[in-house]
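In the working numbering, the protein residues as written are 1200 to 1374.
This is the structure in C-alpha coordinates:
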(Lines of atoms letter the chains of each structure in order from A and count residues from 1; the text may use other names and numbers.)
(Lines give C-alpha, C1' and ligand atoms only; values in the text may rest on other atoms or scores of the structure.)
Protein backbone atom coordinates (compact mmCIF):
# COMPACT_ATOMS: atom_id res chain seq x y z
CA UNK A 1 0.00 0.00 0.00
CA UNK A 2 2.77 2.40 0.94
CA UNK A 3 4.61 1.64 -2.29
CA UNK A 4 1.45 2.36 -4.32
CA UNK A 5 1.09 5.78 -2.65
CA UNK A 6 4.73 6.66 -3.36
CA UNK A 7 4.42 5.53 -6.99
CA UNK A 8 1.17 7.51 -7.36
CA UNK A 9 2.73 10.67 -5.91
CA UNK A 10 5.76 10.24 -8.15
CA UNK A 11 3.50 9.84 -11.20
CA UNK A 12 1.55 12.99 -10.26
CA UNK A 13 4.81 14.93 -9.80
CA UNK A 14 6.13 13.77 -13.19
CA UNK A 15 2.83 14.60 -14.90
CA UNK A 16 2.76 18.03 -13.24
CA UNK A 17 6.34 18.73 -14.32
CA UNK A 18 5.58 17.64 -17.89
CA UNK A 19 2.50 19.87 -17.98
CA UNK A 20 4.48 22.85 -16.63
CA UNK A 21 7.28 22.30 -19.18
CA UNK A 22 4.75 22.02 -22.00
CA UNK A 23 3.04 25.29 -20.98
CA UNK A 24 6.37 27.11 -20.65
CA UNK A 25 7.53 26.00 -24.08
CA UNK A 26 4.36 27.50 -25.61
CA UNK A 27 4.59 30.80 -23.73
CA UNK A 28 3.76 33.91 -25.70
CA UNK A 29 6.81 35.90 -26.78
CA UNK A 30 7.46 39.19 -25.01
CA UNK A 31 5.86 41.92 -27.19
CA UNK A 32 8.68 44.40 -26.53
CA UNK A 33 11.31 41.86 -27.48
CA UNK A 34 9.40 40.98 -30.66
CA UNK A 35 9.35 44.68 -31.52
CA UNK A 36 13.12 45.09 -31.09
CA UNK A 37 14.24 41.61 -32.22
CA UNK A 38 11.97 41.09 -35.24
CA UNK A 39 9.86 44.08 -36.35
CA UNK A 40 12.45 46.88 -36.22
CA UNK A 41 15.20 44.85 -37.97
CA UNK A 42 12.62 43.68 -40.54
CA UNK A 43 11.74 47.29 -41.28
CA UNK A 44 15.46 48.14 -41.60
CA UNK A 45 16.00 45.33 -44.11
CA UNK A 46 13.09 46.50 -46.26
CA UNK A 47 14.33 50.11 -46.04
CA UNK A 48 17.86 49.09 -47.06
CA UNK A 49 16.52 47.15 -50.04
CA UNK A 50 14.23 50.04 -51.00
CA UNK A 51 11.62 47.31 -51.21
CA UNK A 52 8.00 47.63 -52.20
CA UNK A 53 7.35 45.78 -48.92
CA UNK A 54 8.56 48.73 -46.82
CA UNK A 55 5.01 49.97 -46.17
CA UNK A 56 3.99 46.51 -44.95
CA UNK A 57 7.08 46.32 -42.71
CA UNK A 58 6.36 49.82 -41.35
CA UNK A 59 2.74 48.89 -40.62
CA UNK A 60 3.90 45.77 -38.75
CA UNK A 61 6.48 47.79 -36.82
CA UNK A 62 3.94 50.42 -35.79
CA UNK A 63 1.34 47.77 -34.88
CA UNK A 64 3.83 46.03 -32.58
CA UNK A 65 4.50 49.39 -30.91
CA UNK A 66 0.80 50.14 -30.29
CA UNK A 67 1.12 49.14 -26.61
CA UNK A 68 3.47 52.09 -26.13
CA UNK A 69 1.99 55.13 -27.95
CA UNK A 70 4.99 57.39 -27.26
CA UNK A 71 7.35 54.71 -28.54
CA UNK A 72 5.24 54.35 -31.66
CA UNK A 73 5.47 58.12 -32.22
CA UNK A 74 9.26 57.89 -31.96
CA UNK A 75 9.35 55.06 -34.51
CA UNK A 76 7.11 57.07 -36.83
CA UNK A 77 9.51 60.01 -36.44
CA UNK A 78 12.42 57.80 -37.53
CA UNK A 79 10.38 56.61 -40.51
CA UNK A 80 9.54 60.20 -41.48
CA UNK A 81 13.18 61.37 -41.62
CA UNK A 82 14.66 58.20 -43.13
CA UNK A 83 17.37 57.98 -44.63
CA UNK A 84 18.87 61.33 -43.55
CA UNK A 85 21.62 60.31 -41.11
CA UNK A 86 21.63 63.24 -38.66
CA UNK A 87 17.82 63.35 -38.22
CA UNK A 88 17.71 59.54 -37.87
CA UNK A 89 20.35 59.76 -35.12
CA UNK A 90 18.36 62.47 -33.33
CA UNK A 91 15.09 60.54 -33.66
CA UNK A 92 16.78 57.33 -32.46
CA UNK A 93 18.14 59.11 -29.37
CA UNK A 94 14.52 60.10 -28.65
CA UNK A 95 13.42 56.50 -29.18
CA UNK A 96 16.01 55.28 -26.67
CA UNK A 97 14.92 57.88 -24.11
CA UNK A 98 11.25 56.95 -24.58
CA UNK A 99 12.04 53.24 -24.25
CA UNK A 100 13.81 53.94 -20.97
CA UNK A 101 10.95 56.12 -19.69
CA UNK A 102 8.53 53.32 -20.63
CA UNK A 103 10.50 50.81 -18.56
CA UNK A 104 11.73 48.89 -21.62
CA UNK A 105 15.29 47.59 -21.35
CA UNK A 106 16.15 47.97 -25.03
CA UNK A 107 18.54 50.23 -26.90
CA UNK A 108 18.89 51.07 -30.59
CA UNK A 109 22.23 52.11 -32.07
CA UNK A 110 22.65 53.94 -35.37
CA UNK A 111 25.57 52.82 -37.53
CA UNK A 112 26.23 54.40 -40.92
CA UNK A 113 27.13 52.08 -43.77
CA UNK A 114 27.70 53.56 -47.23
CA UNK A 115 26.09 56.82 -46.13
CA UNK A 116 22.92 55.00 -45.05
CA UNK A 117 21.79 54.63 -41.43
CA UNK A 118 21.33 51.12 -40.08
CA UNK A 119 19.63 50.55 -36.73
CA UNK A 120 20.97 47.73 -34.59
CA UNK A 121 18.91 46.59 -31.63
CA UNK A 122 20.01 45.46 -28.19
CA UNK A 123 18.58 44.22 -24.90
CA UNK A 124 20.04 46.11 -21.95
CA UNK A 125 21.45 43.66 -19.42
CA UNK A 126 22.87 46.24 -17.05
CA UNK A 127 23.75 49.90 -16.54
CA UNK A 128 26.74 51.43 -14.80
CA UNK A 129 28.17 54.91 -14.29
CA UNK A 130 31.83 55.33 -15.06
CA UNK A 131 33.58 58.28 -13.51
CA UNK A 132 36.76 60.06 -14.58
CA UNK A 133 37.38 63.11 -12.46
CA UNK A 134 34.28 65.25 -12.76
CA UNK A 135 33.10 63.54 -15.95
CA UNK A 136 30.59 60.69 -15.79
CA UNK A 137 29.24 58.45 -18.52
CA UNK A 138 26.51 55.85 -18.39
CA UNK A 139 27.65 52.55 -19.84
CA UNK A 140 25.33 49.78 -20.96
CA UNK A 141 25.97 46.07 -20.90
CA UNK A 142 23.99 44.82 -23.86
CA UNK A 143 23.05 41.74 -25.86
CA UNK A 144 22.53 42.18 -29.58
CA UNK A 145 19.03 41.20 -30.68
CA UNK A 146 18.83 41.78 -34.42
CA UNK A 147 20.20 39.27 -36.87
CA UNK A 148 21.46 41.81 -39.39
CA UNK A 149 24.70 40.70 -40.99
CA UNK A 150 26.61 43.69 -39.65
CA UNK A 151 29.41 43.67 -37.12
CA UNK A 152 30.06 46.81 -35.13
CA UNK A 153 33.40 48.28 -36.10
CA UNK A 154 33.42 50.46 -33.02
CA UNK A 155 32.23 48.13 -30.26
CA UNK A 156 32.11 50.07 -27.03
CA UNK A 157 32.14 53.42 -28.82
CA UNK A 158 29.52 56.03 -28.02
CA UNK A 159 28.63 58.22 -30.93
CA UNK A 160 28.42 61.34 -28.80
CA UNK A 161 24.99 60.80 -27.30
CA UNK A 162 24.80 59.12 -23.93
CA UNK A 163 24.63 56.33 -22.97
CA UNK A 164 27.50 54.50 -24.59
CA UNK A 165 26.98 50.87 -25.45
CA UNK A 166 29.39 48.20 -24.38
CA UNK A 167 28.81 44.61 -25.26
CA UNK A 168 28.09 42.71 -28.37
CA UNK A 169 26.31 39.77 -29.80
CA UNK A 170 26.07 37.91 -26.52
CA UNK A 171 23.77 35.07 -27.35
CA UNK A 172 21.21 37.18 -29.09
CA UNK A 173 21.55 37.50 -32.81
CA UNK A 174 20.76 33.98 -33.92
CA UNK A 175 17.96 33.08 -31.54
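Yeah, the Cβ is synthetic: ideal placement off N, Cα and C, and Gly gets one too.
Keep in mind that this is a model prediction, so the values were computed, not measured.
Straight across, the Cα-Cα distance linking residue 1342 with residue 1202 is about 50 Å. When the beta-carbon positions are compared, residue 1315 and residue 1282 come within less than 7 Å of each other.
Taking the C-beta atoms as reference points, residue 1243 is found nearer than 7 Å to residue 1318. Cα atoms of residue 1344 and residue 1252: separation of roughly 22 Å, rounded to the nearest angstrom.
In the structure shown, residue 1257 adopts helical secondary structure according to DSSP, grouped into three states.
The DSSP-derived three-state label of residue 1250 is coil. DSSP, reduced to helix, strand and coil, places residue 1326 within a strand of the structure shown. Within 10 angstroms of the beta-carbon of residue 1306 lie 16 or more other beta-carbons, which makes it buried. Assignment of residue 1207 by DSSP, reduced to helix, strand and coil, places it in the helix class. Remark: fewer than three beta-carbon pairs, one from each stretch, lie closer than 8 Å, so the region 1327-1338 and the region 1223-1241 are not flagged as touching.
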